[in-house]
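Protein chains in written order, with this note's numbering: chain C, 1 to 113; chain Y, 114 to 223.
Beta carbons: idealized from backbone N, C-alpha and C, even for Gly.
Please read all numbers here as calculations on a predicted model, not as lab measurements.
Here the structure comes first, spelled out in structure tokens, and everything after it is commentary.
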Amino acid sequence: NAGVMQNPRHLVRRRGQEARLRCSPMKGHSHVYWYRQLPEEGLKFMVYLQKENIIDESGMPKERFSAEFPKEGPSILRIQQVVRGDSAAYFCASSPTGIGEQYFGPGTRLTVT
Amino acid sequence: DAKTTQPNSMESNEEEPVHLPCNHSTISGTDYIHWYRQLPSQGPEYVIHGLTSNVNNRMASLAIAEDRKSSTLILHRATLRDAAVYYCILTQGGSEKLVFGKGTKLTVNP
Numbered sequence: 001n002a003g004v005m006q007n008p009r010h011l012v013r014r015r016g017q018e019a020r021l022r023c024s025p026m027k028g029h030s031h032v033y034w035y036r037q038l039p040e041e042g043l044k045f046m047v048y049l050q051k052e053n054i055i056d057e058s059g060m061p062k063e064r065f066s067a068e069f070p071k072e073g074p075s076i077l078r079i080q081q082v083v084r085g086d087s088a089a090y091f092c093a094s095s096p097t098g099i100g101e102q103y104f105g106p107g108t109r110l111t112v113t
Numbered sequence: 114d115a116k117t118t119q120p121n122s123m124e125s126n127e128e129e130p131v132h133l134p135c136n137h138s139t140i141s142g143t144d145y146i147h148w149y150r151q152l153p154s155q156g157p158e159y160v161i162h163g164l165t166s167n168v169n170n171r172m173a174s175l176a177i178a179e180d181r182k183s184s185t186l187i188l189h190r191a192t193l194r195d196a197a198v199y200y201c202i203l204t205q206g207g208s209e210k211l212v213f214g215k216g217t218k219l220t221v222n223p
């Protein structure tokens with residue numbers, strides 16, 4: 001059973017461009033979570049989604065950030081008009097039930113130049 | 114979200130047991146205690162979780178105090194691969210997001 005997959009692993013964007021981060025959960029998992037880890041800081045929850053629904057987006061910045069988890073395909077975290085402060089590691093996690101353990105992917109490291 | 118308190122860092126020697134403490138004096142009756150760890154340059158990894166009773170799995174043991182105001186993660190024989198930041202996290206019943214604190218950075222000496 002393949003683990004949580006994230007791509008790309010590294011992404012470089014210039015200020016003002018868009019960044020699209022993809023997350024494929026483990027097989028059979030319908031709950032997806034996104035977390036962000038800024039340099040030298042802890043992990044912060046961003047958003048929790050189930051198939052086609054956003055359950056909790058209390059950690060998402062109000063502007064430029066959006067997330068989706070369509071019926072088919074991976075979950076996408078989209079950052080529009082990136083700024084240097086968006087440079088961070090973005091981790092996706094999945095869970096079969098939404099309660100209990102979450103399984104994390106290797107992360108996408110976004111660098112904004 | 115209920116808060117946890119952990120030491121910033123701990124050291125251990127290889128093949129010795131490690132006891133990582135966590136205080137959660139404001140824990141409520143429905144809060145689960147989770148432990149995750151993050152190795153350098155990797156995503157967090159689930160270690161163990163429990164509610165009231167002590168728990169064992171292939172990675173570690175979780176000892177929960179009778180009043181549930183503290184818990185201890187026990188690694189029975191530390192290896193160099195166990196060097197990581199260990200996070201103790203409480204989740205409220207029905208709330209699935211994980212709130213990470215600063216964790217305990219474990220150094221394992223050969």
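- Its chain contains Q6, A89, Y90 and F91 as the residues whose beta carbon lies nearer than 7 angstroms to that of G107 of chain C, once the 5 sequence neighbours on both sides are disregarded; these appear in chain order.
- In chain order, S122 and V198 place their CB closer than 6 angstroms to the CB of K218 of chain Y, counting only its own chain and leaving out the 5 sequence neighbours on each side.
- The DSSP assignment places no complete alpha helix (DSSP H) segment of no fewer than 4 residues inside the region 123-191 of chain Y.
- By the Cβ rule, the region 93-113 of chain C counts as touching the region 9-23 of chain C, because three or more pairs are nearer than 8 angstroms.
- Comparing alpha-carbon positions, the option among Y:T117, Y:Y149 and Y:M172 lying closest to T192 of chain Y turns out to be Y:M172.
- For L211 of chain Y, the C-beta contacts it makes with chain C under 7 angstroms involve F45 and Q102, in order along the chain.
- In this structure Q119 of chain Y touches C135 of chain Y by the C-beta definition: roughly 5 angstroms separates them, less than 8 angstroms.
- Under a criterion of Cβ atoms nearer than 8 angstroms, the residues of chain C adjacent to Q155 of chain Y are, in order, P106 and G107.
- The CB of H137 of chain Y never comes closer than 8 angstroms to any CB in chain C; the least such distance is about 17 angstroms.
- For H147 of chain Y, the closest of Y:R181, Y:V221 and Y:S125 by C-alpha to C-alpha distance is Y:R181.
- T117 of chain Y is positioned such that its CB atom lies closer than 8 angstroms to that of I202 of chain Y.
- Boundaries for M26 of chain C: no beta strand (DSSP E) harbours it, and the DSSP string shows neither H nor E there.
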